[in-house]
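Take any residue in the sequence shown, count from 1 to its spot, add 1005: that is its number in the working numbering.
Inspection log for the structure reproduced underneath, given as structure tokens.
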Amino acid sequence: MNHNYCDSIKTTFLTDEKKKAIHEATLDLLENCGVTMESKQAKELLYSFGAQVTSQDIVKIPCHLVERALNSTMPKIVIYDRDGNPAMEVGGTNLYFGSNSEDLEMMEPFTGKTRKFLIQDRLLLTRVIDALPNMDFAMCGGIAADENPAIADRTSFTGTAVFTKKPLVFSAAEGLDTCKEIIQAAEIIAGGEKELSDKPFIMNLSDPLSPLRNTNRSLNNLITCAEKKIPVIYMPYLLVGGTAPVTMMGALIQSNAEVLSGLVVSQLMREGTPFIYGSMPAPFDMRTTIGTFGSPEFHIMVAAAADMAQYYRLPFFGTAGTTDAFVVDEQAVMEATMSVMMTCLSKANLAHDVGLMYHCNIISPYLIVLCNEIINMVRPMRRGIKMDEEQMALGLITKVGPGGQYITEEHTFKFFRDFWYPELLDRSMFGGGKSLKDKINDKLKTIIESHELPVLGDDKLKELKKLENRWRS
1006 MNHNYCDSIK TTFLTDEKKK AIHEATLDLL ENCGVTMESK QAKELLYSFG AQVTSQDIVK
1066 IPCHLVERAL NSTMPKIVIY DRDGNPAMEV GGTNLYFGSN SEDLEMMEPF TGKTRKFLIQ
1126 DRLLLTRVID ALPNMDFAMC GGIAADENPA IADRTSFTGT AVFTKKPLVF SAAEGLDTCK
1186 EIIQAAEIIA GGEKELSDKP FIMNLSDPLS PLRNTNRSLN NLITCAEKKI PVIYMPYLLV
1246 GGTAPVTMMG ALIQSNAEVL SGLVVSQLMR EGTPFIYGSM PAPFDMRTTI GTFGSPEFHI
1306 MVAAAADMAQ YYRLPFFGTA GTTDAFVVDE QAVMEATMSV MMTCLSKANL AHDVGLMYHC
1366 NIISPYLIVL CNEIINMVRP MRRGIKMDEE QMALGLITKV GPGGQYITEE HTFKFFRDFW
1426 YPELLDRSMF GGGKSLKDKI NDKLKTIIES HELPVLGDDK LKELKKLENR WRS
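Structure below.
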């Protein structure tokens, strides 16, 4: 009997009945309530395919357009590295982790002091992310206080892409030119427009504005990426009880409607446009008036949204390695570990925000290094237990028999490395070694002082410099 398979352990947060109910409620919402579409091009496109457009920019999307869009999507998207090598197959049971892009403040390594995020911090973060094996993709930068806000998204992209080969997720501020110019920079790096569209190493993160509002920014980015065949992540950020219903099912229905409204636009622009479903429904803490990243309900709803993405055969973009804590303390470790574990047990494919603290305001390189170990520890929980004749080891058990030992067996030597062995956690029998805090700081210091970055070649650097000079003029 052949049992040569290994289960992927994932938890389902929505039953088939609930997924169907959310889908049907979403179709009703899109067709009868509608969503705001601020882009003239998007409105005209939807109207030409039979959607109803009102004078208040409300577009009512018929069910057949949603079903049409869902039938043209890609269940898996291959993302390449800067050199054009396959780096991530986004979809199915694969899961990849990455950083954050909109940090306002930086927690300095070693001192733990928090200050405004600066241009110089981009390079430090890129070095840390490039060095860590469980950080699969990078996000471009942080909102640097010493950068011209008008070009900050563009220079964040080039300032990151120059120093790492890992895939990049970028955001583009208001204005159609920003997204186009970031893609132009990516085309220089990839070697041309066709090279980038054939082997994209970038993904755009666009966010509709809850409730039910597709802004000019999100739609323009969506349309530009569809034209260029660039994968786009469409991810609403909802304050549950503030900009979304306070019930989890209500929030999931609204979030689903916001995502699918973007999906329809992307697929009408170009069938088969690589589209990634995202959702961030954060409970609104009525005592402190913040959106909580450390609450269990937040991660339950993100995991439930991942269930909906799988229902539609779409890749999913979520979050992990986050905390509401202001310092890296016991609360931070509790919340970061919970978020990574929930993500690993969910159906997510991409998880960003690793190292993000204090309600999405502070980025901590120290926490990124710690989360690298947490991710490594939790990943085996997603793999499940393999079963074949060698794994069952029935013949070996019979051979060793009662009272025997397995340490000297070839079978043990062959498979003992399949277990997880920590890099930073202590399993010694004697104790008295360095604390985990000291080990993390040592690793961070080694990365900062000695990790060599794969800097982009001189010819492409010169082209990017010309582009940046034009942005600044």
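Just so you know, even glycine gets a beta-carbon here, dropped at the ideal spot from N, CA and C.
Using a Cβ distance threshold of 8 Å, determine whether the stretch 1306–1313 contacts the stretch 1081–1093, with at least three qualifying pairs required.
no
Under the assumption that TRP1425 contacts PRO1385 (Cβ atoms under 8 Å), give the Cβ distance between them as a whole number of angstroms.
The count along the sequence shown starts at 1 and reaches residue 1425 at position 420. The count along the sequence shown starts at 1 and reaches residue 1385 at position 380. Indeed, because the Cβ distance is near 5 Å, the residues count as touching under 8 Å.
Rounded to whole angstroms, what is the Cα-Cα separation between ASP1423 and ILE1390?
Here residue 1423 refers to the residue found at position 418 of the sequence shown. Here residue 1390 refers to the residue found at position 385 of the sequence shown. Each residue's Cα considered, the two are about 11 Å apart.
Residues of its chain near GLY1096, where Cβ-Cβ distance is below 7 Å and the 5 sequence neighbours each way are ignored
In the sequence shown, residue 1096 corresponds to position 91, counting from 1. Correct list, in chain order: PRO1080, LYS1081, ILE1082, PRO1320 and ASN1354.
Which residue from GLU1232, THR1169 and PRO1427 puts its Cα closest to that of CYS1376?
Along the sequence shown, one-based indexing puts residue 1376 at 371. Nearest option by C-alpha distance: PRO1427.
Does the stretch 1052–1071 touch the stretch 1290–1305, meaning 3 or more C-beta pairs lie closer than 8 Å?
no
Collapsed DSSP secondary structure at THR1291 in the structure displayed
Start at 1 with the first residue of the sequence shown, and residue 1291 comes out as number 286. For the sequence presented, residue 1291 should be read as Met rather than Thr. DSSP places MET1291 in coil when its eight states are reduced to three.
Below 8 Å on the Cβ atoms is my guess for LEU1129 versus ASN1366; work out the distance and round it to an integer in Å.
Taking the sequence shown and counting its residues from 1, the one referred to as residue 1129 is at position 124. Taking the sequence shown and counting its residues from 1, the one referred to as residue 1366 is at position 361. LEU1129 to ASN1366, Cβ: 18 Å. No contact.
For MET1347, which of ASP1329, ASP1334, ILE1380 and PRO1216 has the nearest alpha-carbon?
For the purposes of this step, residue 1347 is taken as the residue at position 342 of the sequence shown. Closest by alpha carbon: ILE1380.
Reducing DSSP to helix, strand and coil, say where ILE1452 ends up.
Stepping through the sequence shown from its first residue, residue 1452 is reached at position 447. Reduced to three states, the DSSP call for ILE1452 is helix.
I need the straight-line Cα distance from SER1044 to THR1220, nearest angstrom please.
Taking the first residue of the sequence shown as position 1, residue 1044 is located at position 39. Taking the first residue of the sequence shown as position 1, residue 1220 is located at position 215. Each residue's alpha carbon lies about 7 Å from the other.
Which of helix, strand or coil DSSP assigns to LEU1217
On the sequence shown, residue 1217 is found 212 positions in, with the first residue counted as 1. The answer is coil: DSSP assigns LEU1217 none of H, G, I, E or B.
Taking Cβ positions, are ILE1281 and GLN1046 nearer each other than 8 Å?
Position 276 of the sequence shown holds residue 1281. Position 41 of the sequence shown holds residue 1046. The answer is no: Cβ separation not under 8 Å.
Please state whether the Cβ-Cβ distance between ILE1339 and ASN1261 is less than 8 Å.
Taking the sequence shown and counting its residues from 1, one reaches residue 1339 at position 334. Taking the sequence shown and counting its residues from 1, one reaches residue 1261 at position 256. With the sequence shown as reference, residue 1339 is identified as Met, and Ile is not the correct amino acid for it. No; because the gap between Cβ atoms is not below 8 Å, this pair is not in contact.
Where ARG1432 falls, given that 16 or more other Cβ within 10 Å makes a residue buried:
For this step, residue 1432 is matched to residue 427 along the sequence shown. When all chains shown are included, ARG1432 counts as exposed.
I'd like to confirm the pairing. Which residues does DSSP put opposite SER1211 in its beta bridges?
Looking up residue 1211 in the sequence shown gives position 206. BP columns for SER1211 point to TYR1239.
Label GLY1323 either buried or exposed according to how many other C-beta atoms from any shown protein chain fall within 10 Å of its C-beta, with 16 as the threshold for buried.
For the purposes of this step, residue 1323 is taken as the residue at position 318 of the sequence shown. Buried: at least 16 other Cβ atoms inside 10 Å.
Identify whether THR1327 lies in helix, strand or coil by the three-state DSSP scheme.
Translated into the one-based positions of the sequence shown, residue 1327 becomes position 322. Note: THR1327 maps to strand in three-state DSSP.
DSSP on ARG1120, reduced to helix/strand/coil?
Reading the sequence shown from its first residue, position 115 is the one you call residue 1120. Residue state, collapsed to three classes: strand.
Which listed residue (THR1278, GLY1196, SER1300 and ASN1209) has its alpha carbon closest to that of ARG1073:
Taking the first residue of the sequence shown as position 1, residue 1073 is located at position 68. Nearest option by C-alpha distance: THR1278.
Classify LYS1015 as helix, strand or coil using the three-state DSSP reduction.
As a working note, residue 1015 is residue 10 in the sequence shown. If DSSP states are grouped into helix, strand and coil, LYS1015 belongs with coil.
Note the first and the last residue of the continuous alpha helix (DSSP H) segment covering THR1041.
Indexing the sequence shown from 1 puts residue 1041 at position 36. Element bounds for THR1041: not the alpha helix (DSSP H) but the beta strand (DSSP E), 1040–1042.
Which listed residue (PRO1301, MET1343, HIS1364 and THR1248) has its alpha carbon closest to that of ASP1329:
To locate residue 1329, count along the sequence shown from 1; it is residue 324. When each option's Cα is compared against that of ASP1329, the closest is HIS1364.
Determine the contact status of PHE1102 and ASP1151, defining contact as a CB-CB distance below 8 Å.
Taking the sequence shown and counting its residues from 1, one reaches residue 1102 at position 97. Taking the sequence shown and counting its residues from 1, one reaches residue 1151 at position 146. No, the pair does not count as a contact, with Cβ atoms beyond the cut-off.
Quick one: which unbroken beta strand (DSSP E) runs of 3-plus residues sit fully inside the stretch 1109–1164? Chain order, please.
1110–1112 and 1119–1121
Decide if ASP1158 is buried, meaning its Cβ has at least 16 other Cβ atoms within 10 Å, or exposed.
The residue given as residue 1158 occupies position 153 in the sequence shown. Burial of ASP1158 is indicated by the presence of at least 16 other C-beta atoms within 10 angstroms of its C-beta.
8 Å Cβ cutoff met for VAL1359 and GLY1326
Within the sequence shown, the letter at position 354 stands for residue 1359. Within the sequence shown, the letter at position 321 stands for residue 1326. Closer than 8 Å, so yes.
Run the CB neighbour count on ARG1477, radius 10 Å, all protein chains shown included, and call it buried at 16 or more, exposed below.
As a working note, residue 1477 is residue 472 in the sequence shown. Exposed, since its Cβ has fewer than 16 Cβ neighbours within 10 Å.
For LYS1171, which of helix, strand or coil comes out of DSSP?
Here residue 1171 corresponds to residue number 166 of the sequence shown, with the count starting at 1. Of the three classes helix, strand and coil, the one that applies to LYS1171 here is coil, per DSSP.
Simplified DSSP state of ILE1412, which is helix, strand or coil:
Residue 1412 sits at position 407 when you count from the first residue of the sequence shown. Three-state DSSP puts ILE1412 in coil, outside helix and strand.
Straight-line CA distance for ASP1135 to TYR1371?
If you number the sequence shown from 1, residue 1135 lands on position 130. If you number the sequence shown from 1, residue 1371 lands on position 366. Spanning the two alpha carbons is a distance of roughly 14 Å.
Using the Cα positions of GLN1315 and PHE1298, report the straight-line distance between them to the nearest angstrom.
One-based indexing of the sequence shown puts residue 1315 at position 310. One-based indexing of the sequence shown puts residue 1298 at position 293. If I take the Cα positions, the gap works out to 23 Å.
Of the listed residues GLU1198, HIS1304 and LEU1035, nearest to THR1017 (C-alpha basis)
Translated into the one-based positions of the sequence shown, residue 1017 becomes position 12. Nearest C-alpha to THR1017: HIS1304.
Mapping DSSP to helix, strand and coil, what is VAL1251?
On the sequence shown, residue 1251 is found 246 positions in, with the first residue counted as 1. If DSSP states are grouped into helix, strand and coil, VAL1251 belongs with coil.
Simplified DSSP assignment, three categories, for ALA1356:
Counted from its first residue, the sequence shown places residue 1356 at position 351. Three-state result, ALA1356: strand.
Could you check whether VAL1071 and LEU1032 sit closer than 8 Å to each other, using their CB atoms as the reference points?
Taking the first residue of the sequence shown as 1, we reach residue 1032 at position 27. Taking the first residue of the sequence shown as 1, we reach residue 1071 at position 66. Contact: yes.
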